[in-house]
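Visitor:
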Amino acid sequence: MYQNGTVMVQGSEATLSSFVQDFPTLRKIAETKKDKDNTPTSPLTSGTPTAGAQAQTHTTGLFTELLQDQINQCRTQLKNSVQEMRESLTTPLEEVKATMRRELVQGKEEMAKELSVIKSVLQHREQTVETPREKLQPLTTPNTPTDPPSPTTPPHTDHPLPCLPPNTPPHTPPCTPPNNHPRASA
Numbered sequence: 262m263y264q265n266g267t268v269m270v271q272g273s274e275a276t277l278s279s280f281v282q283d284f285p286t287l288r289k290i291a292e293t294k295k296d297k298d299n300t301p302t303s304p305l306t307s308g309t310p311t312a313g314a315q316a317q318t319h320t321t322g323l324f325t326e327l328l329q330d331q332i333n334q335c336r337t338q339l340k341n342s343v344q345e346m347r348e349s350l351t352t353p354l355e356e357v358k359a360t361m362r363r364e365l366v367q368g369k370e371e372m373a374k375e376l377s378v379i380k381s382v383l384q385h386r387e388q389t390v391e392t393p394r395e396k397l398q399p400l401t402t403p404n405t406p407t408d409p410p411s412p413t414t415p416p417h418t419d420h421p422l423p424c425l426p427p428n429t430p431p432h433t434p435p436c437t438p439p440n441n442h443p444r445a446s447a
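In the working numbering, each residue carries its 1-based index in the sequence shown increased by 261.
1) Under 8 Å by Cβ, that's how I've got L327 and D283 pegged, so tell me the actual separation to the nearest angstrom.
2) Enumerated in chain order, which unbroken segments of the beta strand (DSSP E) with a length of 3 residues or greater are wholly contained in the region 326-393?
3) How is Q271 classed by DSSP in three states: helix, strand or coil?
4) Does the region 333-344 come within contact of the region 287-297, defined as at least 3 CB pairs closer than 8 Å?
5) Secondary structure at K295, three-state DSSP: helix, strand or coil?
6) For S278, count neighbouring Cβ atoms within 10 angstroms of its own Cβ and tell me buried if that reaches 16, exposed if not.
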């Protein structure tokens, strides 16, 4: 507080509004102290503290106390605000988690249903393909005796197969002997 009654306050708007509320009380205290001491001597002009200087010191002490109270109130408000914010964020966060869990469970259930449908379709297709195979198998497999034919006996001996002479080159006719070949005599 200046000699002319001007007050300078530094801080946030919340601090200023709190100071504005408390200022009338401070002003009354300061005016009471000033009225008791009608001598406006400056502490700089005298080596000994005067009543005015003591009043100013007392006012400064009250002002410091008031500021300390305001700081404590601001801290309390800040702590409360932080706690409220945490609580306000916790509820939506839990709701988001619950929603995500529900959606995950629904997704799993839908995928299980789709997998079941796919399995059913595949089984149906296998049956569709296997049934004609079972019907075709007796038609494509000849009736074979229980004992397989021996490897030395040809299965059909009704027609004798013409035998080629051994070591016959593929370009020579099979009936021409190798000595009568036109190139062999030349």
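Glycine included, every Cβ here is placed at the ideal spot set by N, Cα and C.
Guide: Once the coordinates are examined:
1) 6 Å
2) none
3) coil
4) no
5) helix
6) exposed
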